[in-house]
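Using the numbering used here, read the sequence shown as starting at 621 and increasing by one per residue.
The structure under discussion appears below in the form of structure tokens.
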Amino acid sequence: MLNATWLETYVTLTETGHFTRAAERLNMTQPGVSQHLRKLEEQLGQSLIAQEGKSFTLTPAGEAVRDLGLSRRTEERQLRDAIMTDDPDVGEVRIACSGSFAQLLYPRLLALMRDAPRLLIHLEAAPQDTVVSGILDGRFDLGIVGQDTGHPRLNAQSIGHEELCLILPADAADEAVTFESLEDRGFVAHPDGFAYADDLLSLNFPETFTGADRLTVRTFVNQIGQIPSPVAKGIGYTLLPRSGIEAFSECDRLKVVALPHRRYHELWSIIRRGPEPTARLRTIMQVAHDVAGEIG
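This is the structure in structure tokens:
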């Protein structure tokens, strides 16, 4: 590797065409400029200039080294410009959140990408443990989770909350819902559904609900966007956060049951502690905050 200091001295010498003027521009002595030139020639094993009295011309090797030095200057200037320019429309952001929240967030992200061709967004629906571990090991830049993890290497910000809802078909009778009537319908189960049942049903039916593992399951759905579909067609009931309902294309065919005891899940954004987030990450964090605030 060529010594960068010697190379810059040499390029300045070729620009000024004079040892004294090069020394003045570099705030060096004339012998110092000569020494840098000699060391660079020794490193290359080639003479770079041919002196003619007080002036000099460049040898073929000298011309090649000058061109390299000018190219490095340009590259370093471009690098400094790139570092100093924090463009919210350029670069990659990797996000992880629940599947239901992803359904509301992704259309907003598509709008950003449509207007910013150099903005790359990776969105992954994942369980909370995966979101947290992914933020910690650098796989994700932004996570949306249901609680403040309190982890010392993470920054967490509360961005809102959403209700955990019991969902029936829109034409279900308005009479009071009992746990027995839900059992008659059967549960539309999904990966998070049993935890939701232990949370919401135990709160509202403490005398009759005996655990999610004993629920009568009518069907199981693994695709978040399809979970409400059986209920919309009159099959069973299910439990989902409000975002999962609002993102469903046929939400008018669903009824959210007004239970005596309502349960809300918090929404927190998490990022790694460290340098100030990039402009693109700050933009997407604001979009997630806006989406969380709009959930009914």
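Think of the CB as a built atom: it goes at the ideal place given N, C-alpha and C, for glycine as much as any other residue.
Contact with chain D by residue i, beta-carbon distance below 7 Å
i, result
"Q663", "Absent from the structure is chain D; it holds one protein chain and no more."
Alpha-carbon spacing of residue i relative to residue j, whole angstroms
i, j, result
"L690", "S869", "59 Å"
"H881", "G766", "19 Å"
"R902", "G719", "22 Å"
"A642", "D709", "42 Å"
"C785", "N775", "29 Å"
"V581", "P861", "For the chain, the structure presents residues 621 to 916; residue 581 sits outside this window and is missing."
"S675", "G665", "22 Å"
"P772", "I891", "11 Å"
"E628", "E644", "14 Å"
For residue i, the first and last residue of its enclosing beta strand (DSSP E)
i, result
"T719", "According to the sequence as given, residue 719 is Gly; it is not Thr. Careful: G719 lies outside any beta strand (DSSP E), inside the alpha helix (DSSP H) at 719–735."
"L859", "858–861"
"S675", "675–678"
"V765", "762–765"
"V751", "Element bounds for V751: not the beta strand (DSSP E) but the alpha helix (DSSP H), 748–756."
"V876", "874–876"
Limits of the alpha helix (DSSP H) - the one that residue i falls within
i, result
"V837", "No alpha helix (DSSP H) contains V837, which is instead part of the beta strand (DSSP E) from 837–840."
"E914", "899–914"
"R883", "Here R883 belongs to no alpha helix (DSSP H); instead the beta strand (DSSP E) covers 883–892."
"K659", "650–664"
"F814", "813–824"
"S849", "849–852"
"A642", "639–646"
"S778", "From DSSP, S778 is part of no alpha helix (DSSP H) but of the beta strand (DSSP E) over 774–789."
Beta-carbon gap between residue i and residue j smaller than 7 Å
i, j, result
"E783", "Y857", "no"
"G813", "L756", "no"
"A716", "G763", "yes"
"A809", "L874", "no"
"A722", "A745", "yes"
"F799", "F829", "yes"
"N824", "L879", "yes"
"L668", "A684", "no"
"D701", "A899", "no"
"L646", "T632", "yes"
"S889", "Q777", "yes"
"V867", "L724", "A small correction: the amino acid at residue 867 is Ala; Val does not occupy that position in the sequence shown. Contact: yes."
With 16 other Cβ atoms within 10 Å as the buried cut-off, status of residue i
i, result
"Q671", "exposed"
"D872", "exposed"
"D761", "buried"
"A793", "exposed"
"E661", "buried"
"S863", "buried"
"R686", "buried"
"T649", "exposed"
Segment contact flag, the segment 735–744 with the segment 844–863, C-beta cutoff 8 Å, min 3 pairs: no
Cβ contact check for the segment 786–806 and the segment 820–836: 3 or more pairs under 8 Å: yes
Any 3 or more C-beta pairs closer than 8 Å across the segment 885–894 and the segment 676–695: no
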